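A.B. asks: Dumping the structure here so I can ask a few things about it.
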Amino acid sequence: MKAVEVKDLTFSYDQETNAVENVTFSVDRGVYATIIGHNGSGKSTVAKLITGLLEKKSGTIMIDGMELNDENLRELRNRIGIVFQNPDNQFIGSTVRDDIAFGLENHCVPQEEMDGIIEEYAAKVRMTEYLNHEPTRLSGGQKQRVAIAGVLAMRPDVIVFDEATSMLDPQGKDEIKKLIRDLHRDRNLTILSITHDIEEVTASDYVIAMNRGTVAMCGTPEEIFADADKLKSINIALPFAMQFEEELRRAGVSMNRAITMEGLVEELCRLHSNT
Numbered sequence: 016m017k018a019v020e021v022k023d024l025t026f027s028y029d030q031e032t033n034a035v036e037n038v039t040f041s042v043d044r045g046v047y048a049t050i051i052g053h054n055g056s057g058k059s060t061v062a063k064l065i066t067g068l069l070e071k072k073s074g075t076i077m078i079d080g081m082e083l084n085d086e087n088l089r090e091l092r093n094r095i096g097i098v099f100q101n102p103d104n105q106f107i108g109s110t111v112r113d114d115i116a117f118g119l120e121n122h123c124v125p126q127e128e129m130d131g132i133i134e135e136y137a138a139k140v141r142m143t144e145y146l147n148h149e150p151t152r153l154s155g156g157q158k159q160r161v162a163i164a165g166v167l168a169m170r171p172d173v174i175v176f177d178e179a180t181s182m183l184d185p186q187g188k189d190e191i192k193k194l195i196r197d198l199h200r201d202r203n204l205t206i207l208s209i210t211h212d213i214e215e216v217t218a219s220d221y222v223i224a225m226n227r228g229t230v231a232m233c234g235t236p237e238e239i240f241a242d243a244d245k246l247k248s249i250n251i252a253l254p255f256a257m258q259f260e261e262e263l264r265r266a267g268v269s270m271n272r273a274i275t276m277e278g279l280v281e282e283l284c285r286l287h288s289n290t
């Protein structure tokens, strides 16, 4: 079954221009998918639509085979969580423990169960020692870990990361990207990450590329990055490995396509061994 299925999704912030128009894509269960696109391409709008934060103009949104509508919005929100760009916008409690507990309290989870759940998910994001700290005193990366723990505690089937690393320093970005990969691998979560980070895209299973409110391309990273000219035409940067490879080709070096640094290193080693 598809974890997320969107068909002919259209939304407008005003009466004149559609922010997204006839957007159609699907994400299988257990897949780590990324949505990329230039600023204003509609990718964050799509994230808010499929999590029920915005109401569609037309089209259908299916979560785990159930259509998102007014009647089942609350139920489906239990199945899909979202982590925003700015973690400060998600903090409710005066301590990390209180913040993770917030969603559990709203769902009337008994206190004797709640403490164990909080400890479990604080440990998963390596924030156990900070449970009694004030969220405002944490680093950007630590704040995002707390936000992720709060979403995980609700045990959703799908987590949407809406530019979750864009406001972090390089170390914080790397920490959160690794955490996302680990969560996907260890818990078989369905991940949908809206991102500008091309290196994150190369590590995902499936890519949806958007342009001016529409889906321009869908496929595996290898399939998407095989069409470098089209990506450039919709203002999406190529991974560093591909840029480096293009420069080598211009210098007369014939080599196989590489979209990741690991793939580039392997290809360079292969070329060296053949010389």
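Start counting the sequence shown at 16; every next residue gets the next number (this note's numbering).
Cβ atoms here follow ideal geometry from the backbone N, Cα and C, with glycine treated the same way.
Everything numeric in this text was worked out from a predicted model, so none of it was measured.
Would you mind stating whether D220 and V46 have Cβ atoms separated by less than 8 angstroms?
C.D. replies: Yes.
A.B. asks: Checking 8 angstroms against the spacing of the C-beta atoms, do G57 and V42 come in under that value?
C.D. replies: Result no, Cβ atoms of G57 and V42 do not sit closer than 8 angstroms.
A.B. asks: Do we get a CB-CB distance below 8 angstroms when we pair E261 with the residues of chain C?
C.D. replies: You won't find chain C in this structure, because it holds only one protein chain.
A.B. asks: Given a threshold of 16 other Cβ atoms within 10 Å of its Cβ, counted over all protein chains shown, does L204 qualify as buried or as exposed?
C.D. replies: Result: buried.
A.B. asks: Are the Cβ atoms of L10 and T60 separated by less than 8 angstroms?
C.D. replies: The structure shown has nothing for residue 10, since the chain only spans 16 to 290.
A.B. asks: Would you tell me roughly how many angstroms separate the C-alpha atoms of P102 and N147, rounded to the nearest one?
C.D. replies: Those two C-alpha atoms are separated by around 18 angstroms.
A.B. asks: Could you compute how far the alpha carbon of F106 sits from the alpha carbon of L263?
C.D. replies: Their Cα atoms are separated by approximately 48 angstroms.
A.B. asks: The beta strand (DSSP E) with L207 in it runs from where to where?
C.D. replies: It spans 205-209 - the beta strand (DSSP E) in which L207 sits, taken as one unbroken run.
A.B. asks: Quick test of the definition: if touching needs 3 or more C-beta pairs under 8 angstroms, does the region 278-289 touch the region 233-246?
C.D. replies: Contact between the region 278-289 and the region 233-246 is absent, because fewer than three Cβ pairs lie under 8 angstroms.
A.B. asks: With a 10 Å radius around its C-beta and 16 neighbouring C-beta atoms as the bar for buried, classify A231 as buried or exposed.
C.D. replies: Buried.
A.B. asks: Taking only the alpha-carbon atoms, compute the straight-line gap between K193 and T235 and give it to the nearest angstrom.
C.D. replies: Whole-angstrom Cα-Cα distance: 20 angstroms.
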